[in-house]
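Sequence order for the protein chains is A and B. The numbering used here applies: residue 1 is where the first sequence begins, and numbers increase by one. The numbering used here applies: residue 1001 is where the second sequence begins, and numbers increase by one. Glycine included, C-beta positions come from ideal geometry on N, C-alpha and C. To start, the structure under review is shown below, and the notes come after it.
Number of protein chains: 2
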Amino acid sequence: MNKQSRPILTVGSMAFDSVSTPSGKADHVLGGSVNYFSLAASLFTPIKIVAVVGEDFPKEHLHFLSKRNVDVTGVQIVPGKTFHWVGEYDTNLNEAKTLATALNVFEHFDPKLPATHVDCPIVFLANIDPKLQIAVLNQVKNHELVAMDSMNFWITGKPDELKETLKRVDLLCINEKEAFLLSGEKSLEKAAKKIQKMGPSNIIIKRGEYGSALFTPTGIFLAPACLVEEVIDPTGAGDSFAGAVVGYLAESGGSREMMKKDPAGWDHLLRRAVINGTVMASFTIQDFSINRLKTLTLEELMKRKEHFIKMLSVGA
Amino acid sequence: MNKQSRPILTVGSMAFDSVSTPSGKADHVLGGSVNYFSLAASLFTPIKIVAVVGEDFPKEHLHFLSKRNVDVTGVQIVPGKTFHWVGEYDTNLNEAKTLATALNVFEHFDPKLPATHVDCPIVFLANIDPKLQIAVLNQVKNHELVAMDSMNFWITGKPDELKETLKRVDLLCINEKEAFLLSGEKSLEKAAKKIQKMGPSNIIIKRGEYGSALFTPTGIFLAPACLVEEVIDPTGAGDSFAGAVVGYLAESGGSREMMKKDPAGWDHLLRRAVINGTVMASFTIQDFSINRLKTLTLEELMKRKEHFIKMLSVGA
Chain A
1 MNKQSRPILT VGSMAFDSVS TPSGKADHVL GGSVNYFSLA ASLFTPIKIV
51 AVVGEDFPKE HLHFLSKRNV DVTGVQIVPG KTFHWVGEYD TNLNEAKTLA
101 TALNVFEHFD PKLPATHVDC PIVFLANIDP KLQIAVLNQV KNHELVAMDS
151 MNFWITGKPD ELKETLKRVD LLCINEKEAF LLSGEKSLEK AAKKIQKMGP
201 SNIIIKRGEY GSALFTPTGI FLAPACLVEE VIDPTGAGDS FAGAVVGYLA
251 ESGGSREMMK KDPAGWDHLL RRAVINGTVM ASFTIQDFSI NRLKTLTLEE
301 LMKRKEHFIK MLSVGA
Chain B
1001 MNKQSRPILT VGSMAFDSVS TPSGKADHVL GGSVNYFSLA ASLFTPIKIV
1051 AVVGEDFPKE HLHFLSKRNV DVTGVQIVPG KTFHWVGEYD TNLNEAKTLA
1101 TALNVFEHFD PKLPATHVDC PIVFLANIDP KLQIAVLNQV KNHELVAMDS
1151 MNFWITGKPD ELKETLKRVD LLCINEKEAF LLSGEKSLEK AAKKIQKMGP
1201 SNIIIKRGEY GSALFTPTGI FLAPACLVEE VIDPTGAGDS FAGAVVGYLA
1251 ESGGSREMMK KDPAGWDHLL RRAVINGTVM ASFTIQDFSI NRLKTLTLEE
1301 LMKRKEHFIK MLSVGA
């Protein structure tokens, strides 16, 4: 983290997950998009979370986040139970099957930003109801960069609200299938071009174990995934990927203004950001829940990144 | 093609294919591994085919190949019908489903090399019975580099013969699923390491629309696939990929000896070869049969390659 690192405001879910994968099971473990996002991004820059949890949510975890450069004063603790997701992965680790969702306290979540949060220069809207994404964005003043994630549930369920949010976003992270669903196209490039016209001039299309494709106003970057010996649990791969991407941009001066003034520099910066995201996700999936992210150091990340970049060299 | 281009001897199938894909159907069109391989490789270097066809095989096509730098004097024309493959692809374009196979004249194929073919420095053993692969290799003197392809049918059906062939091979091209089947491993890196111990010190694991992973004695290269607007027919992608890889190596001085004397240079050369293969395959799949390969020029290939390499740049 350098002196210019700007803080990121993020809104999304803090949850309990019950997950089964070919490698085993984890019951009622910590999960949720902002949990994964924050732990990843906080290796690069300070984070401010906006979220809601029930009274059953472990206070120690909030303390742990505070020590990790994550401001949790925007986390509302309300009577009731924390959001609970139950899902499983079969041998196709690229796709989670949701078995049950208990929204609990999330059902009436009304995100209110503390005064300390409204001037946050970088915003990441994790995958939640686009109405909530907009509500948060409306409270932030003078933001320099807005990134977001979404999913099929909102694309089909709240297309109008989603499109309103998209208009105000600079960078969209989205799964391949969902990019096809949102755009109505079947090829990556066509899908990206169509979504760019909806608002976000930068799109990262995530392809699970096969990597991702980045589309900026000036270029395309095809990023393979980082090889790992065994995938234990893919949950959180996308959110921690986004955490490292946005965290890296926040640390390295990435902004809407830079994108306009130096499009080539912005394109290169985003490529580097995607590489950081790719390597981050490769750690996340090597254990259940946020277990690996809790112990991961920037040094470990940089070491694997160095190794990974050698695997991308096209030869002299 | 430069002056140092060395010829490639290849053995495999010349066939009629009847294919259906989500984009349409093609009935009784030209196919077979050496057809795809030769058309791709002949943009780089002269090719000598060893194969068998029936009397129904179009002579004009053999003439066409001759004009394209492909020596067809080793193609046996025997009484009976040419090998016929019937297959289909559903929306998962990475995997062909074989509906029927009529071996016909291929059933009693006994590859005999003309005297003009036995000194060929580069050998590509396309995906056929490993017994035939060995029979051909036994007839070649002083080869400088041997590459091969294989598939699940031989891995499960003739594992001993396949392992004998593998011992004598420098470069194996194989699909991801088949690499897992052959090695008994579930991760790319573990699978590659295990297969390297079986003989081929270089392995390219093909992942369909998601690209490929190259393993050399000194490095790993992760190559995404080249984006195309629409995949019409994936048939021949792997064989034309191998054609450009081996063709490029034949043109650029790649050999077992070079691999030993200059391992880093060899690693870089193979990365470049994989890029050529990737771009070649992206043309193949844009039309049925060998249609696109028949008209493809080296200039078109180089132009798309230049564009593709920009999509692989990791940023400054």
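Review point. With a cut-off of 9 Å, does the C-beta of A:Pro224 fall near any C-beta of chain B?
Key: At least one chain B Cβ lies under 9 Å of A:Pro224.
Review point. Three or more beta-carbon pairs under 8 Å between the stretch 155-173 of chain A and the stretch 196-209 of chain A, yes or no?
Key: With the cut-off at 8 Å, the stretch 155-173 of chain A and the stretch 196-209 of chain A touch.
Check your understanding: If you compare alpha carbons, which of B:Thr1156, B:Ala1051 and B:Met1151 is closest to B:His1108?
Key -> Distances from the CA of B:His1108 to each of B:Thr1156, B:Ala1051 and B:Met1151 were compared; the closest alpha carbon is that of B:Ala1051.
Exercise for review: Can you tell me the Cβ-Cβ gap for A:Arg271 and A:Tyr248, rounded? I've got them flagged as a contact below 8 Å.
Suggested key: The C-beta distance from A:Arg271 to A:Tyr248 rounds to 11 Å, too long to fall under 8 Å, and the pair is not in contact.
Check your understanding: Rounded to a whole number of angstroms, what is the C-alpha to C-alpha distance between A:Gly315 and B:Arg1256?
Key -> C-alpha of A:Gly315 to C-alpha of B:Arg1256: approximately 18 Å in a straight line.
Review point. How would you call A:Ala100, buried or exposed, if buried means at least 16 neighbouring beta carbons within 10 angstroms?
Key: Of the other Cβ atoms in all chains shown, fewer than 16 fall within 10 Å of the Cβ of A:Ala100; this residue is therefore exposed.
Review point. Does the count of Cβ pairs from the stretch 281-299 of chain A and the stretch 1003-1011 of chain B closer than 8 Å reach three?
Key: Touching, no, given that fewer than three Cβ pairs across the two stretches are closer than 8 Å.
Review point. Is the beta carbon of B:Arg1225 sitting closer than 9 Å to the one on B:Asn1276?
Key: What sits at residue 1225 of chain B in the sequence shown is Ala, not Arg. No. Outside cutoff.
Check your understanding: Do B:Ser1023 and B:Ile1232 have their C-beta atoms within less than 9 Å of each other?
Key -> With contacts defined as CB atoms closer than 9 Å, B:Ser1023 and B:Ile1232 qualify as a contacting pair.
**Study point:** chain B contacts made by the stretch 153-173 of chain A, where a contact means CB separation under 8 Å
**Key:** Listed by position, the residues of the stretch 153-173 of chain A near chain B (Cβ gap below 8 Å) amount to none.
Point to revise | Residues of its chain near A:Val246, where Cβ-Cβ distance is below 7 Å and the 5 sequence neighbours each way are ignored | key: Closer than 7 Å at the Cβ level, and outside the excluded window around A:Val246, lie Ile8, Ala41, Ile122, Phe124 and Ala147.
Check your understanding: For the candidate residues B:Val1228, B:Val1140, B:Leu1269 and B:His1117, whose alpha-carbon lies nearest to that of B:Phe1215?
Key -> Nearest of B:Val1228, B:Val1140, B:Leu1269 and B:His1117 to B:Phe1215, Cα basis: B:Leu1269.
**Study point:** Where B:Met1259 falls, given that 16 or more other Cβ within 10 Å makes a residue buried
**Key:** Counting Cβ neighbours within 10 Å, B:Met1259 comes out buried, since at least 16 surround it.
Practice item. Leaving out five residues on either side along the sequence, give the residues of the same chain with a beta carbon under 6 Å from the beta carbon of B:Ala1191. Key: Hits under 6 Å: Ala1179, Phe1180, Ser1183 and Glu1185.
Check your understanding: Closest by CA to B:Pro1217, which one among B:Ser1066, B:Gly1265, B:Trp1154 and B:Thr1082?
Key -> The shortest Cα separation from B:Pro1217 among B:Ser1066, B:Gly1265, B:Trp1154 and B:Thr1082 belongs to B:Gly1265.
Check your understanding: Quick one, are the C-beta atoms of A:Gly54 and A:Asp149 less than 9 Å apart?
Key -> Between A:Gly54 and A:Asp149, the C-beta gap is not smaller than 9 Å, which leaves the two residues out of contact.
Practice item. Confirm, please, whether the CB-CB distance from A:Ser187 to B:Glu1300 is below 9 Å. Key: Between B:Glu1300 and A:Ser187, the CB-CB gap reaches or exceeds 9 Å.
Exercise for review: Kindly indicate which residue of A:Leu296, A:Ile220, A:Ala223 and A:Asp267 has the alpha-carbon position closest to the one of A:Arg68.
Suggested key: When only C-alpha atoms are compared, the closest one is A:Leu296.
Point to revise | Where B:Gln1004 falls: helix, strand or coil (DSSP) | key: In the structure shown, B:Gln1004 sits in coil (DSSP, three-state: anything other than H, G, I, E or B).
Practice item. Have a look at the DSSP bridge pairing and note the partners of A:Leu166. Key: DSSP output for A:Leu166 lists no bridge partner at all.
Practice item. Compute the Euclidean distance between the alpha carbons of A:Phe241 and A:Phe308, then round it to the nearest angstrom. Key: Straight-line measurement puts the Cα of A:Phe308 at about 15 Å from the Cα of A:Phe241.
Exercise for review: Just grab the DSSP bridge partners of B:His1084 for me.
Suggested key: B:Phe1016 and B:Ala1102.
Review point. B:Val1246 versus chain A: which residues are under 7 Å apart at the beta carbon?
Key: Simply none; closest approach about 16 Å.
Review point. For a contact meaning CB atoms closer than 7 Å, what does A:Ala316 contact in chain B?
Key: By Cβ distance, chain B contributes His1268.
Review point. What are the boundary residues of the alpha helix (DSSP H) that A:Arg33 is part of?
Key: The sequence shown places Ser at residue 33 of chain A, rather than the Arg named in the question. Following the DSSP letters along the chain, one finds A:Ser33 inside the alpha helix (DSSP H) bounded by residues Ser33 to Ala41.
Check your understanding: B:Asp1267 lies in the beta strand (DSSP E); which residues open and close that run?
Key -> From DSSP, B:Asp1267 is part of no beta strand (DSSP E) but of the alpha helix (DSSP H) over Pro1263 to Thr1284.
Check your understanding: Can you tell which of B:Lys1305, B:Pro1263 and B:Leu1222 has its C-alpha closest to the C-alpha of A:Thr278?
Key -> Here the closest residue by C-alpha is B:Leu1222.
Practice item. Please name the residues in the stretch 86-111 of chain A whose beta-carbon is closer than 7 Å to at least one beta-carbon of chain B, in chain order. Key: Contact residues of the stretch 86-111 of chain A toward chain B are absent (C-beta to C-beta distance below 7 Å).
Review point. By Cβ distance, which residues of its chain are closer than 7 Å to B:Ala1219, with the 5 residues on each side in sequence left out?
Key: Looking at the sequence provided, one finds Gly at residue 1219 of chain B rather than Ala. Only Asp1267 meet the Cβ criterion.
Review point. What residue range is occupied by the uninterrupted beta strand (DSSP E) comprising B:Asp1149?
Key: That run of the beta strand (DSSP E) goes Leu1145 to Asp1149.
Review point. Does the beta-carbon distance from B:Phe1083 to B:Ala1026 come in below 9 Å?
Key: Taking C-beta atoms as the reference points, B:Phe1083 and B:Ala1026 fail to come closer than 9 Å.
**Study point:** Sequence-distant residues of its chain with Cβ nearer than 7 Å to A:Ser20 (five each side left out)
**Key:** Around A:Ser20: Glu88.
Point to revise | Inside the stretch 165-198 of chain A only - beta strand (DSSP E) runs reaching at least 3 residues | key: Taking 3 residues as the shortest admissible run, the stretch 165-198 of chain A contains the following complete beta strand (DSSP E) segments, listed from N- to C-terminal end: 171-175.
Exercise for review: Have a look at B:Glu1176 and B:Leu1093 and give me their C-alpha separation to the nearest angstrom.
Suggested key: Those two C-alpha atoms are separated by around 14 Å.
Check your understanding: chain B beta carbons: is any one of them nearer than 9 Å to that of A:Lys310?
Key -> Cβ-Cβ to chain B under 9 Å: yes for A:Lys310.
Point to revise | Residue environment, B:Val1274, which counts as buried when at least 16 other CB atoms sit within 10 Å | key: The residue is buried, with at least 16 neighbouring Cβ atoms inside 10 Å.
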